[in-house]
Amino acid sequence: MTDCLFCKIVAKEIQAEIVYENDGALAFRDINPQAPTHVLVIPKEHHADAAALARADQGLADEVLKAAHAVAVQEGVADEGYRVVFNTGPGAGQTVFHVHAHVLGGRNLTWPPG
C-alpha cells in the first residue's frame, strides 16, 4: 500500500530503529513506548489486522510470532516474561492498519491490561 506508514518503513522510505529482521518480518522500537521494552513486529507483506493475517494462511503469523520471541530474547526479557499484543480494529485501539504485534517487557505487566 502506498499510503501505509508501516509499508513505508519496510521499504526503508521512513526511518525507524530496526532491532530485528527475518525474511517475513521486521521489528522496530515503538515511538511511544509503554514499557522499557516496546517493540513492534510486523509482517513485511501488508495485511490490515490480525484477522487478515490469519486468513492469509501463508505462514506469516508464524513468522511474526517467531520474530516476537527473537526480539524478547535479544532484548533480555524472555526469561522474566513478556507480553505480545495484537490490537485488531479501532475498538481495540488499532491506529495503524498494518497488522503489528507489540512486544512489551522489562517491567511488571499487570492484568487486565486496560
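Residue numbering for the sequence shown is 1 to 114, as defined by full-length UniProt numbering. Here a beta-carbon is modelled for each residue, glycine too, at the ideal position from N, C-alpha and C. As the structure is a prediction and not an experimental result, all values here were calculated from the model.
Quick check on the DSSP output: the beta strand (DSSP E) that includes residue i runs from which residue to which?
i	result
residue 141	Residue 141 lies beyond the range of the chain shown here (1 to 114); nothing can be said about it.
L109	It is not in any beta strand (DSSP E) - L109 carries neither H nor E in the DSSP assignment.
E21	18-21
V96	Counting along the chain, V96 falls outside any beta strand (DSSP E), and DSSP gives it neither H nor E.
A25	25-29
residue 179	For the chain, the structure presents residues 1 to 114; residue 179 sits outside this window and is missing.
Kindly list the residues whose CB is nearer than 7 Å to the CB of residue i, restricted to its own chain and excluding five residues on each side of it in sequence; keep chain order.
i	result
A70	Y20
Q94	D49, N87, T88
G41	In the sequence on display, residue 41 carries Val and not Gly. Same-chain partners within the cutoff: A25, A27, V64, A67, A68, V71, H100, A101, V103.
Considering only residues of the same chain and omitting the five flanking positions on each side of residue i, which have a CB-CB separation below 6 Å?
i	result
R83	L104, L109
A16	I9, F28
I14	K8
Once you ignore the five residues that flank residue i on each side, which residues in its own chain have a CB closer than 8 Å to its CB?
i	result
K66	N22, A25
Can you find a CB in chain B that lies within less than 8 Å of the CB of residue i?
i	result
V103	Here there is only one protein chain, and chain B is not present.
Throw me the rounded Cβ distance for the residue i and residue j pair, which I believe falls under 8 Å.
i	j	result
A35	G106	5 Å
Along the chain, where does the alpha helix (DSSP H) containing residue i start, and where does it finish?
i	result
I9	5-10
V85	Run containing V85: none in the alpha helix (DSSP H); it sits in the beta strand (DSSP E), 82-86.
Q74	60-75
Could you tell me whether the stretch 67-85 touches the stretch 47-58, where touching means 3 or more Cβ pairs closer than 8 Å?
no
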